[in-house]
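Notes for the one structure printed next.
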Amino acid sequence: MMPFASPLAPEQRPSVGNEAAPESHPVLPSERFPLDRLPRVLRPRDLTVLCLFAVLLINNVQTVGAAGGGSLLYWALGFLCFLIPSALVCAQLYRLFPGEGAVYLWANRAFGNFWDTFLGFFCNWWPGAIGLTVEAEAAVASIQGLNSNWLSLPWEQGVAAILVLLVAQLLCALGQGQLQRILNVVFAAYALMFGLVGLAGLGWLLSGQSLRGDFSAQSWQLGLSSLPVLAVVTVALLGMAVPLNMGGEVVDQRRSGRYLLWGTLIIIAGYLFATFGVLAVLSPAELKETVFVSILFSHVFGNDLGHIVSSCYYIIMFIYFVCATAAYNAMFGRLLFVAGLDRRLPRALARLNSNGVPFNAMLLQTLINVAFIFVICFVAPVAPNQELALTVFLVVINGASVIWDIAMISLFLCGILLCSRYSRQLRQRWVVPPPLFYLATVLGIALTGVAIGCTFFAGSPVPAVLNNEDWGFWVLLFVLASLTVGAIYSFLVPEAEDLATLLPADSQAPLSPIGASSAAQKVPSVAAAPSSLAGAGWPGEGRPLQRDALRQTEPAVWPRPGSVPGPGRWEP
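Numbering-wise (the UniProt record's numbering), the sequence shown opens with residue 1 and increments by one.
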């Protein structure tokens with residue numbers, strides 16, 4: 001099987017061994033993972049759907065729309081200062097270094113050891129892993145939208161959310177091609193409902209009705225009081241880079257970046273159209289209701305037909321959020337898969353099932369979220385304060401969003417550092433002119449910083465339980481605790497130079513898309529492999545490796561799906 005050819009011309013590739021090339025980097029084991037072990041089934045359309053699963057959420061319309069007519073302006077600022085910069089940085093970096101777990105690779109190339117694991121892996125993976133609970137709870141809320149008396153008790157909601165996670169895990173056991181076909185069909189139905197919200201507003205105006213939302217001049221004014229809304233918009237637009245976690249599974253690496261263009265355009269159109277729809281039909285008080293969509297359809301279609309349309313809407317929403325849970329699990333599970341290949345997590349996480357997907361990695365994420373749901377739905381409600389469960393959920397989710405914001409800042413910095421480092425190799429390969437690219441990264445960093453600050457200082461969403469000071473304290477405590485765990489883990493894992501010694505010096509194994517961009521780099525001999533990298537468990541466990549490595553006569557062979565990737569044993 002031929003190695004992947006970089007989209008850059010040979011003389012422009014960043015990692016060729018010429019004198020003008022920047023300093024080389026050690027090749028990670030994940031960069032040498034053969035392409036034929038991961039089914040290459042994803043096309044630009046599929047990546048676009050995955051991107052929209054990550055970013056386009058109807059609940060964000062309600063949250064941002066509460067700002068009135070000015071919410072359209074806030075959306076526009078978010079698109080200009082965050083969404084488009086995110087897409088530009090991802091497109092440019094993917095031209096340099098495509099592959100599985102792309103954000104992890106970019107951090108390795110930009111920052112080197114420790115920071116690649118801390119920023120590239122942990123800060124990107126941890127918020128996404130916890131995010132499965134958000135999708136599962138949204139599925140439960142969709143059931144409640146059908147009947148408010150259903151799942152009214154915390155333990156009932158917990159059981160339902162756990163069942164959603166388990167069904168999503170079963171979907172993840174399918175091959176990515178099979179799962180993707182399901183996701184494409186479900187998203188088409190979701191997009192129909194999303195568009196129907198906007199069409200309802202348009203039909204409302206065409207029928208001669210007046211605008212019911214808050215379009216006063218005050219709602220359009222920008223000031224310091226506008227920053228919390230901008231922060232909400234920024235968090236709502238996180239996730240453009242998530243599909244690139246599966247960058248090694250695309251059919252055509254050269255065309256896969258198109259999803260960033262189409263995804264951006266659909267996100268902009270979808271959010272603006274749906275926000276216009278709810279502002280046209282609903283009053284500010286009605287927009288605050290949990291079942292705001294049911295109220296909207298009742299106004300536009302009447303009570304009887306509106307009830308039928310609302311029921312169809314919530315059924316589709318339930319199916320959508322179950323599939324969204326599976327999509328999140330699949331995309332973020334690829335980061336665990338790559339870390340397992342690099343011996344930075346147990347190699348069992350890099351095990352592929354018979355369908356060629358890292359089932360163990362996704363199962364671990366499911367179990368983490370089952371434990372989280374158990375705490376918020378079974379343990380926290382035991383306390384006398386019945387609002388404790390919601391408070392714990394909000395603290396964790398907002399803290400996770402701060403960590404994801406930190407990961408986004410690191411992504412923008414990756415864009416600045418790598419594109420500056422490889423500027424000569426990028427001649428005539430820029431997605432936009434360099435000054436515009438660097439301006440976009442600065443705007444992205446600035447707005448992400450606003451989102452972080454507002455999470456702590458904009459005020460508590462549950463003032464009856466936590467005042468503003470306590471809210472900031474508990475969110476900060478969760479963030480610092482998470483970052484401390486991530487920093488300790490990143491300090492303990494093997495460095496890239498040590499991992500490179502696991503690779504045979506003259507291996508003829510097919511290169512992954514990542515490794516192809518670094519094909520000419522010098523790989524150290526396996527004879528220098530430290531004993532701390534041996535064994536199938538955590539780094540630092542297992543048998544000594546040096547003695548057996550010295551006697552190695554053949555390159556290690558990558559296993560087929562169903563077995564654990566990586567050099568398992570060297571025989572004399």
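C-beta atoms are modelled at their ideal positions from N, C-alpha and C, and glycine is treated no differently.
Beta-bridge analysis with DSSP links L443 to no other residue. Under DSSP, the beta-bridge partners assigned to E100 are M246. In the displayed model, L42 falls within a strand according to three-state DSSP. Remark: C-beta atoms of A173 and N353 approach each other more closely than 8 Å.
Within a 10 Å sphere around the beta-carbon of T448 sit 16 or more other beta-carbons, which makes this residue buried. In this model, L260 and S86 are separated by some 9 Å (Cα to Cα).
Counted as a single uninterrupted DSSP element, the alpha helix (DSSP H) harbouring Y328 occupies residues N303 to L341. In the three-state reduction of the DSSP assignment, Y190 falls in the helix class, which pools H, G and I. Contact between F297 and S310 holds: CB atoms are separated by about 5 Å, below the 8 Å threshold.
Comparing C-alpha distances from I295 to each of V197, L413 and F118 shows the shortest one belongs to V197.
Assignment of D470 by DSSP, reduced to helix, strand and coil, places it in the helix class. In this structure, the CA atom of I143 is about 10 Å from the CA atom of I316. Closest in C-alpha terms to V281, from the list L202, G340 and Y313, comes L202. Between the alpha carbons of K288 and N113 lies a gap of roughly 47 Å. Inclusion of V64 and W75 in the CB contact set at 8 Å is warranted, their separation being smaller than that value. In summary, D342 is buried, with 16 or more beta-carbon neighbours lying within 10 Å of its beta-carbon over all protein chains present. For A231, the uninterrupted alpha helix (DSSP H) run begins and ends at L227 to A236, by DSSP. N184 carries a helical assignment under DSSP once its states are collapsed to helix, strand and coil. Taking the Cα of N147 as reference, the smallest distance to any Cα among Y314, A348 and W404 is reached at Y314. If you look at I409, you'll find it in the alpha helix (DSSP H) that goes L388 to R421. Here A91 is near V431, since their CB atoms are less than 8 Å apart. Scanning D214, E387 and T264 for the CA closest to the CA of G68 turns up D214.
Note on the segment 131-190: whole alpha helix (DSSP H) runs with a minimum of 4 residues are 154-172, in chain order. When C-alpha distances from A274 are compared across E156, V61, L52 and P127, the shortest belongs to V61. If you look at A348, you'll find it isn't in any alpha helix (DSSP H); DSSP assigns it neither H nor E. If you look at R258, you'll find it in the alpha helix (DSSP H) that goes R258 to V281. Residue W126 holds the alpha-carbon nearest to the alpha-carbon of V242 among P381, W126, F491 and I397.
Collapsing the DSSP output to three states places D214 in coil. Contact between the segment 418-430 and the segment 128-138 is absent: fewer than three C-beta pairs spanning the two stretches fall below 8 Å. Residue environment for D252: exposed (fewer than 16 other C-beta atoms within 10 angstroms of its C-beta). By the neighbour-count definition (other C-beta atoms within 10 Å, threshold 16), D304 is an exposed residue. Remark: C-beta atoms of A371 and L183 do not approach each other more closely than 8 Å.
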